[in-house]
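Residue numbers (the working numbering), protein chains in the order written: chain C, -2 to 227; chain V, 114 to 519.
Quick look at the structure:
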C-alpha cells in the first residue's frame, strides 16, 4: 500500500488577479521505504507540492492521502497533530529552536507528543548518537556547524517516529563533506530502518543517491524514473 | 508546560539589551508611580488626619437636620443610651461632646459676633490638642467657668487673660443667653478664620449659658482606622436610628474633599501617562519579538506545535517582562516609601505657611498602603495583557507558508 497518494493535485495562486498555476494536476504514489528526490528548476512548483504533501498548504483541487487519511480535509488543529505524529521535516536552513540545546530540540517534539520525560531524553540521546553527534547534545544550534545542525534537524524529524520525512533542499547550505556525510547517514537509515525520505532538491549529489527521481516542471510531473542508485 | 516556560525565558535573553531596556522602562515607571502616588496619597492622609483631628473628627453625630441649620434648637440629649451605643462600636478611639452656637462677645465698647464652643476640656485636649494652642494664660480645668479666646478676637475686643467678657445671644428655644465670663487663656490657631471668631468654654457652662442642660449639638468621634470610615458610619447609623444624623468628614468638609479630588485627578492623569509609556514599551518589544520570529513560528507549527502552545509561549514572554519590571519597581520603591513614611519630607518657607493656614502640618509623609502596591502590580499586568493582544492576534492569523517564506 502506498504511504502517500496524490490525486490530481492543483494549487492556484490568485496573486494580483492573474492566476498562477503553481501545481497543475499532479498524480503520484510513494511507497513505504522509498528514497525519492523531487527535482525541478526554480519556480517549477516543487516546494508548493512538498508543502501540500506535508500538510502545510491547502490544495486548490485534488487529494493528498497519507496512510489512508485525506489530510486536505483535516481541520487546522487536527492537521498540526497529524503532522506531529506522521511527518518529519528537515529544512534547508535547519530551523532548530535556537534557545534549546540539540538534545532539547529533539526531545521537544516528543514532549509535544506527550512522551514521558525520561523516555524522551533517552530517545533524544539515542537519535543524536545515531546521527553521529551524540557528544553535542548540550550544545545550542548557534554553537554547531551547519552539518551538525542539519544532523540535529534529522534527529528531530525522526523523534516523532514519523511515517516519512520531507526534506526541503537539506543540503543546500552544506559543504561537500557535510553533504556526503548527511546523505550517507540518511541512506543508511532508509536502508536499515526502512524510513521513507522525500527530498526536494537541486543538488546533483542528492539526485545521485536517490532511488527514485520525480521531476516537476510547470507544476506537472515531467518525468518519474528510477535513480542510478536503485 | 515547563519547556514552554523555559523556551519563553530563554527567548527573552536572546536579545538581552532589548529585554533589559523594556524591563528598565517598566521598572522606572513603576518606581516613579509608586513614589509619586505614595507621596500624594500620604499627603492627603496627612491633610485629612490634621483636619479631622483639629476639629471635626472623622465622624460626627448630630440631631437629625442639625447640619443644615446649625441651630441651637437642633440639639439632642446626651443620654447614657447614646453614649453606650457609640462606645460599643469597635475601633472608636475617642468621643468629644460639644455644644456650639453663636453669640455677641463684648468688652467695653467692642463687640463682635463669635462662635461659642462648649466642650469637655479634658476630652477636647485629647481629641484636638486644644491645650497646645494656648499662648497666654491657662487651659480650662474641669468645671472651669472661664473662657479661652482666640488671639485675633481677643486683640479686637482688647481683652487679655484675667479680663471679663460678656456674651449675649439667643439660647435654646428662644431664651436669652447672657453671661459674663473671665478669660483664662488666649488661643492662637494657624487658621486665620478661627483666630478671628472662636471662643471655647466648658461644656456644663455652655449648656447653662444656652439654657440647654445636658444637650449637645455634636459628638465628634475619632476612629482607629480611617479606611473603615464608611463601615463605622453605617454601623452608627443603624445603631442610633433616624433621630440622629451620622456624618463623616467628607460630608462636613466638602471643600477639603474637592481639593483632594482635584489634586488626585492630576496625579491620576500623570499616572495614566506613565502607564501609557509602560504599555507602549512592552507593546514595542512584544511586536518586535513576534515579527522577527515569523520563520521560527512557522517551523514550530510545521513540526507539530499547536498555535495554542505558541500563544502560551508568547504569553509567558510578555508576562515575564511585565513581572520583572513590576517586581523590581516595587522592590526598588518599597524602601524609598518606607523611609519617607517614617521620615516625612518637611516643607519650609511660604509653602509651609500656606499649608499651616489650613491647620495642616507642613510635612509630606509617604503612604504605605499595601493596596497601592497591589494596584500597581495589577495595572501593569493589565497593560501587559493588553500588549499581549498583539502576539495573540498575530499567531491566530499566522500563515505557516508565508512565515516559511519570511
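Glycine is no exception: its CB is placed at the ideal position from the N, C-alpha and C atoms.
These numbers were taken from a predicted model, which means no experiment stands behind them.
Which first and last residues belong to the beta strand (DSSP E) in which residue i is found?
i, result
"residue 314(V)", "311 to 315"
"residue 168(V)", "It is not in any beta strand (DSSP E) - residue 168(V) carries neither H nor E in the DSSP assignment."
"residue 223(V)", "223 to 232"
"residue 335(V)", "331 to 336"
"residue 295(V)", "289 to 300"
"residue 21(C)", "17 to 28"
"residue 62(C)", "58 to 63"
"residue 251(V)", "Run containing residue 251(V): none; DSSP gives neither H nor E here."
"residue 282(V)", "277 to 283"
"residue 163(C)", "161 to 165"
"residue 261(V)", "260 to 263"
"residue 211(V)", "205 to 220"
"residue 1(C)", "-1 to 10"
My guess is that residue i and residue j are in contact by the Cβ rule of under 8 Å, so how many angstroms apart are they, rounded?
i, j, result
"residue 262(V)", "residue 296(V)", "5 Å"
"residue 195(C)", "residue 27(C)", "7 Å"
"residue 214(V)", "residue 266(V)", "That pair is no contact at about 16 Å."
"residue 299(V)", "residue 221(V)", "Their Cβ separation, rounded to whole angstroms, is 17 Å, which puts residue 299(V) and residue 221(V) out of contact at 8 Å."
"residue 392(V)", "residue 443(V)", "Residue 392(V) to residue 443(V), Cβ: 18 Å. No contact."
"residue 281(V)", "residue 219(V)", "7 Å"
"residue 87(C)", "residue 157(C)", "Not quite, the Cβ-Cβ distance comes to about 13 Å (not below 8 Å), so this is no contact."
"residue 32(C)", "residue 187(C)", "5 Å"
"residue 63(C)", "residue 83(C)", "6 Å"
"residue 480(V)", "residue 158(V)", "6 Å"
"residue 171(C)", "residue 139(C)", "Going by Cβ atoms, the distance from residue 171(C) to residue 139(C) rounds to 17 Å, so no, they are not a contact pair."
"residue 446(V)", "residue 147(V)", "4 Å"
"residue 260(V)", "residue 314(V)", "5 Å"
"residue 47(C)", "residue 197(C)", "5 Å"
Restricting to Cα atoms, I'd like to know which of the options is closest to residue i.
i, options, result
"residue 326(V)", "192(V), 134(V), 463(V)", "192(V)"
"residue 426(V)", "505(V), 357(V), 289(V)", "505(V)"
"residue 56(C)", "4(C), 104(C), 127(C)", "4(C)"
"residue 454(V)", "478(V), 299(V), 246(V), 396(V)", "478(V)"
"residue 201(V)", "484(V), 129(V), 336(V)", "336(V)"
"residue 439(V)", "360(V), 186(V), 489(V), 399(V)", "489(V)"
"residue 231(C)", "184(C), 185(C), 165(C), 186(C)", "Nothing about residue 231(C) can be read from this structure; chain C reaches only from -2 to 227."
"residue 419(V)", "11(C), 35(C), 111(C)", "111(C)"
"residue 456(V)", "437(V), 465(V), 476(V)", "476(V)"
"residue 199(C)", "14(C), 36(C), 143(C)", "36(C)"
"residue 134(V)", "495(V), 483(V), 435(V), 513(V)", "435(V)"
"residue 142(V)", "469(V), 492(V), 451(V), 507(V)", "492(V)"
"residue 203(C)", "217(C), 177(C), 95(C), 221(C)", "177(C)"
"residue 515(V)", "165(V), 161(V), 416(V), 408(V)", "408(V)"
"residue 94(C)", "286(V), 243(V), 119(V), 247(V)", "119(V)"
"residue 163(C)", "416(V), 179(V), 352(V)", "416(V)"
"residue 269(V)", "293(V), 287(V), 223(V), 289(V)", "223(V)"
"residue 411(V)", "183(C), 54(C), 18(C)", "54(C)"
"residue 109(C)", "210(V), 423(V), 405(V), 238(V)", "423(V)"
For the alpha helix (DSSP H) that contains residue i, what are its first and last residues?
i, result
"residue 76(C)", "73 to 83"
"residue 151(C)", "143 to 156"
"residue 44(C)", "43 to 50"
"residue 116(V)", "115 to 125"
"residue 345(V)", "342 to 353"
"residue 123(C)", "114 to 127"
"residue 102(C)", "99 to 109"
"residue 185(V)", "Premise fails: residue 185(V) is in no alpha helix (DSSP H) and is neither H nor E."
"residue 196(V)", "193 to 200"
"residue 513(V)", "513 to 518"
"residue 35(C)", "Note, residue 35(C): premise wrong, no alpha helix (DSSP H); beta strand (DSSP E) at 32 to 36."
"residue 103(V)", "No answer is possible for residue 103(V): it lies beyond the span of chain V, which begins at 114 and ends at 519."
"residue 466(V)", "462 to 469"
When every heavy atom of the ligand NAD is checked, does at least one fall within less than 7 Å of the C-beta of residue i?
i, result
"residue 332(V)", "Although the ligand NAD was asked about, the structure shown includes no ligands whatsoever."
Evaluate contact between the region 315 to 334 of chain V and the region 213 to 231 of chain V, counting only Cβ atoms and requiring at least three cross-stretch pairs below 8 Å. yes
Segment contact, 8 Å Cβ cut-off, at least three pairs: the region 169 to 177 of chain V with the region 330 to 340 of chain V: The region 169 to 177 of chain V vs the region 330 to 340 of chain V: in contact.
Which ranges would you report for the alpha helix (DSSP H) in the region 364 to 446 of chain V if only whole runs of at least 4 residues count? 367 to 404, 407 to 415
Answer yes if the region 427 to 441 of chain V comes into contact with the region 123 to 140 of chain V, meaning at least three C-beta pairs across the two stretches below 8 Å, and no otherwise. yes
Report the start-end ranges of each alpha helix (DSSP H) in the region 171 to 217 of chain C that is 4 residues or longer and not cut off at the edges. For the region 171 to 217 of chain C, whole alpha helix (DSSP H) runs of length 4 or above, ordered along the chain, are 173 to 190, 201 to 206.
Ignoring anything shorter than 3 residues, give me the beta strand (DSSP E) runs that lie fully in the region 479 to 503 of chain V, in order along the chain. none
Within 8 Å, do at least three Cβ pairs link the region 303 to 311 of chain V to the region 251 to 259 of chain V? no
Do the region 39 to 54 of chain C and the region 204 to 214 of chain C touch if we need at least three Cβ pairs shorter than 8 Å? yes
Touching or not, the region 496 to 516 of chain V and the region 146 to 158 of chain V, by the rule of three or more beta carbon pairs under 8 Å? Result no; under three Cβ-Cβ pairs closer than 8 Å.
Is the region 342 to 360 of chain V touching the region 197 to 211 of chain V, taking contact as three or more C-beta pairs under 8 Å? Between the region 342 to 360 of chain V and the region 197 to 211 of chain V, the count of Cβ pairs shorter than 8 Å is three or higher; the stretches touch.
Within the chosen definition, does the region 93 to 109 of chain C reach the region 128 to 136 of chain C through at least 3 CB pairs nearer than 8 Å? yes
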